[in-house]
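Quick note on numbering: the UniProt record's numbering labels position 161 of the sequence shown as 161, and the sequence is numbered without any gaps.
Just so it is clear, CB atoms sit at the ideal spot from N, CA and C, and this is done for glycine as well.
The structure displayed is predicted, hence computed values, not measured ones.
One structure is given below, encoded as structure tokens.
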Amino acid sequence: MIDIDPSGILVRYNVKMEKEMTPEEAAEELYPKDSIIYPIAKAIFEGEEDDVVEGLEKAISSGKDPISLIDDALMVGMGVVTKLYDEGIIFLPNVMMSADAMLEGIEYVKQKAGRAPVVKGKVVCHVAEGDVHDIGKNIVAALLRANGYDVVDLGRDVPVDEVIAAVEKENPLMLTGTALMTTTMYAFKEVNDKLLEKGYKIPFACGGGAVNQDFVSQYELGVYGEEAADAPKIADFIREHGGNIVKLREKFHKH
Ligand code: B12
């Protein structure tokens, strides 16, 4: 008989590490080291709305552009949350608190940035029917507003017919859609078909974790955007070159 002590071999080193690390310690390893960004990212992870706002306030008074803090600080914090959620280290209630803190942060920087003086055109934004994930859409709307667009924000879980009615009423230069669930993204195709039925050939910019370029290319009006920052770029292109979908896809899709 060989004398082996199983307790020494049955534990994989990294599994042991993960088990021993608290969520806070795991998050600590992922935060950026920058002394201005760090407290904001940490406050997002902890879901501490007041600390998020305090961190943003300091960053802005140190000269940071309010809107750039969405990508450079708030999104970084949400990235930590998403990673640890995906790894099973934190759970939905934590994510929910962080999401609320993130939205509070977005509201604050939007307020600080103020409204751009010249309105370039109208854009209708929505989250697909059945889908409550609105963080990405809120960033899209904030960036469009920051870039001078008048945004009609229909919110989340918006019924297809409500989207169509808003397009009829507002006559926007573009419609945006966000979907984070594979069960909700098909609403985009319905929106597309109903718009075409009624003769509206406006660009329908779509994004969100569930969709990709191949999916969005399957319906006639779809233009895919990977990053929220693509939304104002697409709108600017429409203003300059018109809303031809083929041209928009040439410009914004990866080939
Ligand atoms: C936060 C979160 C929540 C929060 C949402 C809070 C809120 N107000 O949004 C809460 C806790 C409420 C939640 C609930 C649920 N969630 Co959830 N959630 C997430 C999580 C962790 C992060 C999503 C997020 O906010 N990402 C950050 C934002 C910024 O990303 P984004 O929206 O994609 O936007 C970026 C780009 O896509 C782009 N973009 C977005 N839109 C557009 C539009 C245009 C035009 C352009 C150009 C760009 C663009 O811009 C942004 C960045 O630049 C994801 C996990 C993950 N890995 O994604 C799961 C996830 C999306 N959730 C999931 C699920 C299943 C649920 C629940 C059903 C859970 C449950 N059992 O109850 C419910 C949903 C109920 C419903 N009917 O919708 C699944 C979806 C699975 C699937 N494939 O369908 C995911 C993927 C988790 C998983 N791995 O299982 N969730």
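Option in Ile238, Glu129, Gly148, Gly55 with minimal Cα separation from Glu190: Measuring from the Cα of Glu190, the nearest candidate turns out to be Glu129.
Please identify the residue among Val152, Lys64, Lys194 whose C-alpha is closest to the C-alpha of Asn171. Val152
Whose C-beta lies closer than 7 Å to the C-beta of Ile89 among residues of the same chain, with five residues either side of it excluded? Answer for Ile89: Pro23, Ala26, listed in chain order.
Closest residue to His126 among Asp161, Met96, Lys110 (Cα-Cα distance): Asp161
Can Lys120 and Gly148 be called in contact, C-beta distance under 8 Å? yes
Closer than 8 Å, CB to CB, is Asn138 near chain D or not? No chain D is present in this structure, which holds just one protein chain.
What are the boundary residues of the beta strand (DSSP E) that includes Val151? 149-153
Taking the alpha-carbon positions, what's the Val132 to Ile164 distance? 19 Å
Using 8 Å as the threshold, is the C-beta distance between residue 308 and Tyr219 below it? The requested residue 308 is not part of the displayed model; the chain covers only 1 to 255.
Quick check: Val223 and Phe252, are their CB atoms within less than 8 Å of each other? Taking the C-beta atoms as reference points, Phe252 is found nearer than 8 Å to Val223.
Considering just the uninterrupted stretch of the alpha helix (DSSP H) at Met75, what are its terminal residues? 75-86
Where the beta strand (DSSP E) containing Gly225 begins and where it ends: First-last for Gly225: undefined, no H or E at that position.
Reduced DSSP secondary structure (H/G/I, E/B, other) of Met97: helix
With a 10 Å radius around its C-beta and 16 neighbouring C-beta atoms as the bar for buried, classify Lys254 as buried or exposed. exposed
Could you say which of Thr178, Val140, Asp65, Asp150 lies nearest to Val158 if we only look at CA atoms? Thr178
Report the three-state DSSP secondary structure of Val191 (helix, strand or coil). helix
Under the three-state DSSP convention, the category Val158 falls into: coil
Sort Thr183, Val124, Leu180, Thr182 by Cα distance to Leu154 and report the nearest one. Val124
Rounded separation between Ile245 and Ile139 - CA only: 23 Å
Alpha carbons only, please: which of Asp86, Leu143, Glu48, Ser62 is nearest the one belonging to Ala100? Here residue 100 is Asp; the residue named in the question, Ala, does not match the sequence. The residue from Asp86, Leu143, Glu48, Ser62 with its alpha-carbon nearest to that of Asp100 is Glu48.
Would the beta-carbon of Asp236 be found less than 7 Å away from any heavy atom of the ligand B12? no
The ligand B12 heavy atom lying under 7 Å from the CB of Met78: yes
Let's see if you can read the secondary structure: which residues bound the alpha helix (DSSP H) around Val127? Counting along the chain, no alpha helix (DSSP H) covers Val127; the unbroken beta strand (DSSP E) around it starts and ends at 121-127.
Rounded C-alpha distance that separates Lys198 from Ala229: 30 Å
Residue closest to Ile60, alpha-carbon to alpha-carbon, out of Val81, Lys112, Met102, Leu30: Lys112
beta-carbon Asp86 near the ligand B12 non-hydrogen atom, thresh 7 Å: Yes - the ligand B12 has a heavy atom lying nearer than 7 Å to the Cβ of Asp86.
Would you identify the three-state DSSP class for Met102, choosing helix, strand or coil? helix
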